[in-house]
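Taking it in order: structure first as structure tokens, then the write-up.
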Amino acid sequence: MKLQRKNRLRAVAFGAIAVSGALVLTACGSDDNSGGGSTGGGSTKAAGNIKCEGKGQLLASGSSAQKNAMDLWVKNFMAACKDIQINYKPTGSGAGIQEFLQGKTAFAGSDSALKPEEVTKSKEVVKGGQGINLPLVGGPIAVGYKVPGVKDLVLDADTLAKIFDNKIDKWNDPAIAKLNKDAKLPDLKIQAFHRSDESGTTDNFTKYLKAAADKSWPYEPAKAWKPKGGQSADGSAGVSSQVKQTDGAISYFELSYATANKIDTVKLNTGASAPVEATSDNASKAIAEAKITGTGKDLALKLNYATKAEGAYPITLVTYEVVGDKGNKAETLPATKSFLTYIASEDGQSVLKDLGYAPLPAEIATKVREAVASLA
Amino acid sequence: MEISSATADSPPPPAGGPATAARTKSATRPGDRIFLAFSRGSGILLLVIMAAIAVFLTVRATSALSKNEGNFFTTFEWTANGTPPVFGIAVLAFGTVVSSVIAMLIAVPVAIGIALFISHYAPRRLATPLSYVIDLLAAVPSIVYGLWGALFLVPHLGGLYSWLDDYLGWTGIFAYHDGAARSLFTIGILLAIMILPIVTSVSREVFLQTPKMNEEAALALGATRWEVIRMAVLPFGRSGVISASMLGLGRALGETMAVATVLSPSFEIGKSLLDPGGGTFAQNIASSFKESGEIGKDALIASGLVLFVLTLLVNGAARLIIARRKEYTA
């Protein structure tokens, strides 16, 4: 075991060069959050109606589900308002709320409304007010599948629950055949993929299964996946790429991932006269069915996952911006208000559809605009 | 780990040399004293850093452990952000150890074979480029292994798994129930490729150190080349090979990105090694960290503490084995 000293030194030098080289490369490669090309082909609307008030830098962080919408909004807004720099970091809802509660950010993006203890804590940050939830981005969670030779698959909540709980494990199962009389279902094993990370998407999807198929879904809705069995992958990008490459796969993710990867999506038999497809419009219809549970300016929504309304797609995610209703920091308030005013405006909402998100229904949008206008 | 694997890049310098000559001179010159102070300081700094890491991990871990509603060692669940938080490391510990052991079982024999080939069989013209190629494997970033594993290895392992199922399926641990090969066994194969360079290059280095006289004496007694290797090279290199393997094991235990990309993580222990599922400490930290709340992060740190201790134990065990073998070979 006598390794030569010189060798060691040379090795260290090699290592040092490798490490510093890697650092330099990564420094160049990552963190391209300045808008760039990742907005998924959304159109840049002329920014005629954007009012620029305030200046300086606006920090925000949170939900990654609204990342694509934020990217486009920020790009449009900053094109109109040169004095305002907006930096939204898609760190995840939990981290976003934490940073907001520590007073580091002007607002947070979150897939779920503030919990009571978080509201209490928010009162320390926004003096004289409290944190409120403003729904600003909605979107359908598509159930994507890959079964050779099967198009227009129709499923209902009960079958979905059994598939994701591994109670149904063949594509030619009678329960699926009953819903798809004309389809040629193959004798193929179902590979149900779920998210391995904690996620608002999982939370909403399991809330839907619990609400619409109580008997077949014995688990409590949560951000972490509860049932045993099945396969998993990290992030919406992870599960959607698994579905794309695995025969017999089925999983859930935001509609934009299905569109981008050309994945077939399941039509839901909700009890309405015709099966409902996952589209932005249909998601907007489901959001219109939601009840506002927040009080005052707080507009937290409770979706009716068991809705039978015509054309309403019930597996829908609503993500919020969390701000203080009063007592926001004086230096960021004008910029925050003008940005939120833009994204709640018709211009701001109408660009969402191209990205696979759902614009807010008129009634809720009006309330959001009123709430934004009254922020102090 | 990558740093030391680069050791093998350079040919062994001549024995003795200027370094030994300088050492025999007076030990009290200022340069020596400065160097002594510098190296002693670095040594102490290292210990302080290690202690600081341990303290940090312990402090953060205890705050999460006191709120844990499950048993930290036996719970098959990780909902550290739920109310109440429930988490346990059983699955992670199992997955980490099993995938690393599989990697060792595959990598060590192959690495010894390559090392022997390079040091004792291959002509010089082939040996040098071959060792460069092996060392290059260490320079490939782990995320690249991850992508290669997910996009190439996984779709191509189905055949091997069906074959294993046909012949070894009766054991239960090699039963294969269709589906993508995103299992602990796949991770083991991937990790084996990743630790190959470090084990190979250190082993080769050690094999080259075999005293020429021993080899020549054996040859003089009429031994074949294989007998020389068996009687002179392998016993001499044993401690080196063990320490090389432990270095590799250390890397396998802590590998993060490749595992996170390839594995289909879940908090259960499958009956078969070929079933998708399982998880490792490092993979779980990487994939759970971004959506974690305060307790969730501390819980991950607690699991990191376990990995820290596990790695320390492995390295400590390696030291013990080497220390014992040294007396035997000396």
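Top to bottom, those sequences are chains A and B. Under my numbering, the first sequence has 82 at position 82, and the numbering climbs by one with no breaks. Numbering-wise, my numbering comes out as the position in the second sequence, counting from 1, plus 1000. The beta-carbon is built from N, C-alpha and C at its ideal position, and this holds for glycine as well.
Secondary-structure assignment with DSSP links Phe107 (chain A) through a beta bridge to A:Ala60. Going by beta carbons, Ala1302 (chain B) and Ala1064 (chain B) fall inside the 7 Å limit.
Nearest CB-CB separation between Ser1266 (chain B) and chain A: below the 7 Å threshold. When C-alpha distances from Asp83 (chain A) are compared across A:Glu310, A:Tyr219 and A:Gln57, the shortest belongs to A:Gln57. In the structure shown, Leu301 (chain A) adopts extended strand secondary structure according to DSSP, grouped into three states. DSSP places Glu310 (chain A) outside any beta strand (DSSP E), giving it a letter other than H or E. Its chain contains Leu58, Phe77 and Ile86 as the residues whose beta carbon lies nearer than 7 Å to that of Phe339 (chain A), once the 5 sequence neighbours on both sides are disregarded; these appear in chain order. Burial state of Ile1143 (chain B) is exposed, judged by a 10 Å Cβ sphere holding fewer than 16 other Cβ atoms. The three-state reading of DSSP puts Leu185 (chain A) in coil, since its state is none of H, G, I, E or B.
Assignment of Leu1249 (chain B) by DSSP, reduced to helix, strand and coil, places it in the helix class. In the structure shown, the three-state DSSP call for Gly54 (chain A) is coil. Between the region 348 to 361 of chain A and the region 114 to 129 of chain A, the count of Cβ pairs shorter than 8 Å is below three; the stretches do not touch. Contact between Gly1316 (chain B) and Gly1095 (chain B) fails: their C-beta atoms lie close to 22 Å from each other, not under 8 Å. Assignment of beta strand (DSSP E) within the region 84 to 170 of chain A, counting only whole runs of 3 or more residues, yields 84 to 89, 107 to 110, 131 to 146 and 154 to 156 in chain order. Leaving aside the five residues that flank Met1194 (chain B) on each side, the residues in its chain whose CB is nearer than 6 Å to its CB run, in chain order, Tyr1145. The beta carbon of Lys189 (chain A) falls within 7 Å of a beta carbon belonging to chain B, placing the residue at that interface.
At a cut-off of 7 Å between C-beta atoms, Thr1058 (chain B) does not count as an interface residue with respect to chain A.
Against chain A, the beta carbon of Gly1159 (chain B) has no neighbour under 8 Å; the closest one sits roughly 16 Å away. Using a Cβ-Cβ distance cut-off of 8 Å, the region 175 to 188 of chain A and the region 225 to 235 of chain A are not in contact, since fewer than three pairs of beta carbons, one from each stretch, lie closer than that value. Membership of Ala65 (chain A) in any beta strand (DSSP E) is not indicated, and neither H nor E is assigned to it by DSSP. Across the set A:Leu303, A:Ala192, A:Ser236 and A:Leu299, the C-alpha of A:Leu303 shows the shortest separation from the C-alpha of Ala212 (chain A).
The region 1143 to 1163 of chain B makes no contact with the region 1120 to 1127 of chain B: fewer than 3 CB pairs, one atom from each, lie closer than 8 Å. Under the three-state reduction of DSSP, Val1259 (chain B) is assigned to helix.
Annotation: Thr1096 (chain B) has no Cβ neighbours in chain A at a cutoff of 7 Å; minimum Cβ distance is about 16 Å. Considering only beta carbons, the part of the region 175 to 208 of chain A lying closer than 7 Å to chain B consists of Lys189, Gln191, Ser196, Asp197, Glu198 and Ser199, in chain order.
Taking the CA atoms as reference points, Phe1073 (chain B) sits about 26 Å from Gly94 (chain A). Here the C-alpha atom of Gly238 (chain A) lies approximately 19 Å from the C-alpha atom of Asp1275 (chain B). Counting only runs of 4+ residues, the alpha helix (DSSP H) found wholly inside the region 1154 to 1209 of chain B occupies 1158 to 1168 and 1184 to 1208, in chain order.
For Gly1179 (chain B), the residues of chain A that pass the 9 Å Cβ criterion are Lys189, Gln191, Gln231, Thr246 and Gly248, in the order they occur in the chain.
Asn269 (chain A) is bridged by DSSP to A:Asp156. The straight-line gap separating the alpha-carbon atoms of Ala300 (chain A) and Gly54 (chain A) is approximately 28 Å.
Linking Ala1180 (chain B) to Thr246 (chain A) through their CA atoms gives a straight-line distance of about 7 Å. The region 1181 to 1188 of chain B makes contact with the region 1253 to 1269 of chain B, as at least three CB pairs between them are under 8 Å.
When Cβ-Cβ separations below 7 Å define contact, Lys67 (chain A) makes no contact with chain B. Lys75 (chain A) sits in a helix when the DSSP states are folded into three classes.
Close CB contacts of Leu375 (chain A) within its chain, under the 6 Å cut and outside five residues either way in sequence, are with Lys337 (chain order).
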